[in-house]
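Novice:
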Amino acid sequence: MKFPPPLAQKIAFFVLFVMTLFVVLPVLFVMFLIVKNGIGAISWEFLTAMPKQGMRAGGILPAIVGTFYLVAGAILFALPLGLFAAIYLSEYSQDTWLNRAIRLAIINIAGVPSVVFGLFGFALFVSFFKFGASILSGSLTLGIMILPVIITSSREAIDAVPGAFREVSLSLGATKLQTIRHAVLPHALPGILTGTILGIGRAAGETAPILFTVAAFYLPRLPQSIFDQAMALPYHLYVLSTQVPNVDVKIRYGTAFVLLVIVLLMNLIAITIRSHFRSKKKW
Amino acid sequence: MVTPSPDCNDLKDRFASANQSGDGVKIEIQNLTASFSNHGALDNVNLSIVSNEILSVIGPANSGKTTLLRTLNRLNDLTQSFQMTGRVLLDGRDIYKEYDPVILRRKVGVIFALPMPLPMTVFENIVYGLRRQGVNDRKKLSRIAEKALTDAYLWDEVKDRLEEEAPKLSGGQQQRLCIARTLALNPDVILFDEPCSGLDPISTAKIEEAMMKLKSQYTIVLVTNNTKQAARVGDRTAFFLMGKLIEVGETAKLFTAPTDSRTEGYISGRFG
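So the sequence lines, in the order shown, correspond to chains A and B. Position 181, counted from 1, in the first sequence is what the working numbering calls 181; the numbers after and before it change by one each time, with no gaps. Position 59, counted from 1, in the second sequence is what the working numbering calls 342; the numbers after and before it change by one each time, with no gaps.
1) Skipping 5 residues on each side, what residues in its chain have a beta carbon closer than 6 Å to that of L193 of chain A?
2) Does M399 of chain B have its Cβ less than 8 Å from a Cβ in chain A?
3) Which residues does DSSP list as the beta-bridge partners of P234 of chain A?
4) Name the DSSP beta bridge partners of S213 of chain A, please?
5) Since C479 of chain B and P398 of chain B are thought to touch, with beta carbons under 8 Å apart, how far apart are those beta carbons, to the nearest angstrom?
6) State the CB to CB distance for the pair A78 of chain A and I158 of chain A, rounded to an integer number of angstroms; the pair is presumed to be in contact (CB under 8 Å).
7) So with CB distances below 8 Å, who are the chain A contacts of N356 of chain B?
8) Does the CB of G392 of chain B have a neighbour CB from chain A at under 8 Å?
9) For S304 of chain B and T350 of chain B, what's the separation of their Cα atoms in angstroms?
10) Tell me the start and end of each unbroken alpha helix (DSSP H) in the segment 460-543 of chain B that is at least 4 residues and wholly inside, in chain order.
11) Can you tell me which residues form a DSSP beta bridge with K423 of chain B?
12) In the DSSP assignment, find the beta strand (DSSP E) that holds E336 of chain B and state where it starts and stops.
13) Just checking my contact of S137 of chain A with T213 of chain A at CB under 8 Å: how many whole Å lie between their CB atoms?
14) Does DSSP classify S304 of chain B as helix, strand or coil?
15) Assign V161 of chain A to one of three DSSP states: helix, strand, or coil.
16) For the beta strand (DSSP E) containing R370 of chain B, list its first residue and its last residue.
17) What do you reckon, are the CB atoms on M495 of chain B and V516 of chain B nearer than 8 Å?
18) So what does S331 of chain B bridge to, in DSSP terms?
19) For K52 of chain A, write down the residues that DSSP places opposite it in a beta bridge.
20) If R166 of chain A sits next to V184 of chain A, beta carbons under 8 Å apart, how far is it from one beta carbon to the other, in whole angstroms?
21) Q224 of chain A touches chain B at which residues, Cβ-Cβ below 8 Å?
22) Can a CB atom of chain B be found closer than 8 Å to the CB of H187 of chain A?
23) Do A488 of chain B and V410 of chain B count as a contact pair if the criterion is CB distance below 8 Å?
24) State the start and end residues of the unbroken alpha helix (DSSP H) segment that holds I226 of chain A.
25) Where P223 of chain A and A160 of chain A are concerned, what is the direct C-alpha to C-alpha distance, given to the nearest angstrom?
26) Using CA coordinates, which residue listed in A:T48, A:I39 and A:P6 is at the minimum distance from P220 of chain A?
27) Compute the beta-carbon to beta-carbon distance between P400 of chain B and A463 of chain B, rounded to the nearest angstrom, for a pair I have assumed lies under 8 Å.
28) In this structure, does DSSP put D377 of chain B in helix, strand or coil?
29) Take R181 of chain A and list the residues in its own chain whose beta-carbon comes closer than 7 Å to its own, dropping the five residues that flank it on each side.
30) Please report the residue range of the alpha helix (DSSP H) in which G191 of chain A lies.
31) For M284 of chain A, count the other beta carbons within 10 Å of its own beta carbon; 16 or more makes it buried, fewer makes it exposed. Which is it?
32) Would you check if the segment 520-529 of chain B and the segment 342-361 of chain B touch, i.e. whether three or more CB-CB distances between them fall below 8 Å?
33) Does the beta carbon of A157 of chain A come closer than 8 Å to any beta carbon on chain B?
34) Start and end of the alpha helix (DSSP H) containing I11 of chain A?
35) Quick one, which residues of the segment 349-379 of chain B are near chain A if we go by CB-CB under 8 Å, in chain order?
36) Distance, Cα to Cα, I266 of chain A vs P209 of chain A?
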């Protein structure tokens with residue numbers, strides 16, 4: 001069977017459009033479901049109160065705060081480490097087998113399942129370093145998990161700065177370090193920030209890495225130090241959905257809604273920063 | 284064809300004395316051979332560059348002109364595959380052994396073929412090198428910036444635009460900004476790598492005017508694809524072919540009575 005060209009065009013367009021729709025629909029449906037069922041639970045009390053009656057009532061404040069602590073800790077650990085690694089790999093490392101192996105390792109870390117990070121964090125931080133199940137252990141585990149995201153995006157951002165900037169800077173008598181600091185990093189910043197915020201979003205949403213390293217089943221108080229256990233939104237959601245009987249659907253979806261909003265907000269910030277800097281890009 | 288500049292005789296004396304006693308020689312290139320990953324770029328070059336002259340370097344593509352220039356302030360060091368033998372002396376000291384490259388590049392500035400302002404304000408571009416040396420006194424920076432911009436024939440055009448982003452300037456202004464940026468460091472030698480290749484005739488004339496003025500204070504090496512430009516501004520001209528220095532001499536003589544037939548062929552447009 002042969003279609004005349006204009007009709008073939010139309011059919012192809014239609015098929016591609018429908019395929020794209022299939023990609024978007026589930027996302028929209030999930031969001032619709034969560035918003036529809038969860039929005040009713042959102043109240044000032046829900047966001048700022050401790051859980052009550054075995055988590056069947058009250059708020060989710062400790063889980064929100066716990067998630068923020070974990071994410072902040074993960075970034076504090078992973079951003080400097082990842083950025084310095086990216087600078088080394090992009091600006092200093094030469095093409096030797098060792099550096100090729102390092103690059104390969106970084107790509108591979110990104111593909112490791114998150115539950116493996118959880119076990120690794122448990123073995124290293126909780127047991128070996130004896131940090132116990134604590135915010136410290138959880139943050140470090142999440143930090144290691146998001147390292148590849150930060151390194152890869154930072155490297156891409158650094159490599160995208162034109163080589164001519166480096167030559168100009170060096171030719172004006174700047175040292176290599178000054179060149180990186182003043183002629184490269186300022187122009188790589190948006191890309192680095194974008195990667196960082198995507199890392200934040202990922203750290204905020206993962207359950208497996210915090211399962212054995214920090215997450216408390218039920219801890220109706222705010223953590224006092226980095227050696228405390230803490231509740232966290234993703235794990236709290238899991239507990240509410242599978243471990244506690246007779247929880248109001250509203251509370252479950254409300255928790256999911258809060259988590260979703262936090263992650264979406266992070267992504268929105270990333271997109272805003274990127275487009276802001278892109279419009280200012282001058283080369 | 285080319286009228287010799289009035290101070291030609293004066294220069295001749297200087298070269299004569301330079302050859303005898305080494306006096307007045309700013310840069311001495313001795314047996315310089317250079318290559319990139321086994322691909323030869325310069326072949327046993329011997330060349331002296333005299334203080335306060337403009338030395339034009341001409342030659343067809345792949346003749347090694349730019350490699351020579353980038354050797355003089357060690358920008359080739361950035362290329363991993365670069366290898367060289369021989370010596371380059373600045374004021375009698377080996378730039379590859381007795382100079383830190385950072386210090387060397389403050390003394391030997393370079394203007395690239397394409398104007399390459401950094402994406403910051405005009406003012407910050409000018410003082411970029413000074414700030415990296417730790418100079419942060421605003422008054423001092425402003426004074427040096429004004430002097431550098433004046434010497435680069437740009438002050439009148441940008442004195443009210445110092446806080447504007449440098450890439451907003453026109454191409455010719457950007458290139459003069461790059462010259463001013465180099466002048467702000469008060470170098471001894473300025474290397475020009477085809478500085479007018481992307482510019483219109485009026486901008487080119489302004490840059491040539493700046494060069495003629497600058498040679499009283501600086502030693503200038505001008506790599507150019509434009510033989511007419513070499514003839515206009517160069518006190519002496521060196522002709523390169525396939526990495527070899529074929530001939531060097533006073534511009535007027537090289538362009539009117541070259542000793543090598545290949546030089547004659549190139550300047551009369553038979554090849555290259």
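Beta carbons are placed, not taken as given, at the ideal position from N, Cα and C, and that holds for glycine.
Specialist: In this structure, then:
1) I273
2) yes
3) Looking at the DSSP assignment, P234 of chain A forms no beta bridge with any residue, so it has no partner.
4) Per the sequence shown, residue 213 of chain A should be read as Thr rather than Ser. Paired residues: none, contrary to the question.
5) Not really, about 10 Å apart at Cβ, beyond 8 Å.
6) So it is not a contact: roughly 17 Å between Cβ atoms.
7) S171
8) yes
9) Here S304 of chain B scores only 40 on pLDDT, less than 50, and its place in the model should not be relied on; the value that follows carries that caveat. If I take the Cα positions, the gap works out to 28 Å.
10) 484-497, 510-516 and 534-539
11) Beta-bridge pairing links K423 of chain B to no other residue.
12) Neither: E336 of chain B is in no beta strand (DSSP E) and is coded neither H nor E.
13) 4 Å
14) The predicted position of S304 of chain B is uncertain, since its pLDDT is 40 and thus under 50; a value taken from the coordinates is nonetheless stated next. Helix.
15) coil
16) F365 to L373
17) yes
18) B:E311
19) A:A57
20) 6 Å
21) Within 8 Å Cβ-Cβ: nothing; Q224 of chain A doesn't reach chain B, min ~44 Å.
22) yes
23) no
24) Note, I226 of chain A: premise wrong, no alpha helix (DSSP H); not H, not E.
25) 42 Å
26) A:T48
27) Incorrect: roughly 10 Å between the Cβ atoms, too far for contact.
28) strand
29) none
30) L185 to G205
31) The question about residue 284 of chain A has no answer here: the residues shown for chain A are numbered 1 through 283.
32) yes
33) no
34) P5 to G38
35) N356, L358, L361 and Q363
36) Note on identity: in this sequence residue 266 of chain A is Met, with Ile being the wrong assignment. Taking the straight line from one Cα to the other gives about 20 Å.
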